[in-house]
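Chemist: Structure incoming, see below.
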Amino acid sequence: MVSLLIWLAQEHRLGAPSLLSRKNREGNTVLHMAAHHGHDAVVEVLMLAAPALSSAVNNAGMSPLYVAVMS
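Now the structure itself:
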């Protein structure tokens, strides 16, 4: 599913990194959510598509790596 979303973003020139860097009310990106729920394969696909997501912090100041460790 994530690969499909990345492909759609690229095909329609939406830019996968900008689409994937959107945040919810808590400031979490899709990488934060995948890390929180232990979806390792999704984390891998997201990191390949948008490496800059790894440095994004949520409203609590937590990076996706921190979220993964704490989950």
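FYI, in full-length UniProt numbering the residues of the sequence shown are 1 to 71. Just so it is clear, CB atoms sit at the ideal spot from N, CA and C, and this is done for glycine as well. This one's a predicted model, so the numbers in the text were calculated from it and none came from an experiment.
#1: Is DSSP giving glutamate 26 helix, strand or coil here?
#2: Select from Ala68, Ala49, Tyr66 and Asn28 the residue whose C-alpha is nearest the C-alpha of serine 3.
#3: Using the Cβ count rule (16 or more neighbours within 10 Å means buried), how would you classify histidine 32?
#4: Closest by CA to asparagine 59, which one among Ala41, Met47, Lys23 and Met70?
#5: Please name the residue in Leu65, Val45, Ala41 and His39 whose C-alpha comes closest to that of leucine 20.
Modeler: Taking the coordinates as given:
#1: Within the sequence shown, numbered from 1, the residue matching residue 26 stands at position 26. It is coil, neither helix nor strand.
#2: Numbered from 1 along the sequence shown, position 3 holds the residue referred to as residue 3. Selected option, being the one with the closest Cα: Ala49.
#3: Indexing the sequence shown from 1 puts residue 32 at position 32. Buried is the call here.
#4: Residue 59 sits at position 59 when you count from the first residue of the sequence shown. Asparagine 59 has its Cα closest to that of Lys23, out of Ala41, Met47, Lys23 and Met70.
#5: Your numbering for residue 20 matches position 20 in the sequence shown. For leucine 20, the closest alpha carbon among the candidates Leu65, Val45, Ala41 and His39 is that of Val45.
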